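Positions 9 to 120 (the working numbering) are the ones given, in order, by the sequence shown.
For reference, the structure discussed in these notes is given below.
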Amino acid sequence: MSGAGVDRAAAAAAAADAPPPPGLVTNAASTENQALYNPMIRRIKTSNELAPIFALPTCHAVSAIMHALTSHYPKSTYRVGWDARLMGLATWVASEEVVEWLCRVVGIVSED
C-alpha cells in the first residue's frame, strides 16, 4: 500500500470520529422533524388519494379566470368547485370566522 492510500484511510477514520459539520441534520434532529411534520405529510397523502375523486378539470378554473380577465363586469368572487361553493354557502349562513373555526375542528384546515 502506498503512502497516499494510508493517508486517505487515516483521514477517513478521523472524519468518522469527528462531530458533524454545522448545518448537517443529525439523527436526533431528523426524528424531531419527522414527529413535527408527520401530521402534515399524512394530510397531504390523504388529499392526494382523494384528489381523483373530488378534483375538477382545469377547464373550470381556466374559464373563471378568462371571464375575470375579459369581462366588462367581472364578478368580485368566483367559486370554482363544489368545496368553494359549499364554503360560500356556509359563509352566507354563518360568519367567516365561525366557518374557519368549524373547518379547523373538522380537520379541513390546519391550525397554523
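Idealized CB from N, CA, C, for every residue including glycine.
Computed from a predicted structure; not experimentally measured.
Range covered by the alpha helix (DSSP H) that runs through residue i
i, result
"V106", "104-114"
"G162", "Lying outside 9 to 120, the shown extent of the chain, residue 162 is not represented and no answer is given."
"S71", "66-78"
C-alpha distance - residue i paired with residue j, whole-angstrom precision
i, j, result
"N56", "D91", "16 Å"
"M95", "R50", "23 Å"
"E104", "E40", "35 Å"
"S38", "Y45", "10 Å"
"M48", "A102", "28 Å"
"K83", "A76", "7 Å"
"R93", "Q42", "35 Å"
"L58", "S79", "34 Å"
"Y81", "V70", "17 Å"
"A63", "K53", "15 Å"
"V114", "V106", "12 Å"
Selection from the options that minimises the alpha carbon distance to residue i
i, options, result
"C67", "V88, V113, Y81", "V88"
Anticipated Cβ contact below 8 Å, residue i with residue j, distance rounded
i, j, result
"A98", "Y86", "Between Y86 and A98 the Cβ distance is about 17 Å, and since that is not below 8 Å, they are no contact."
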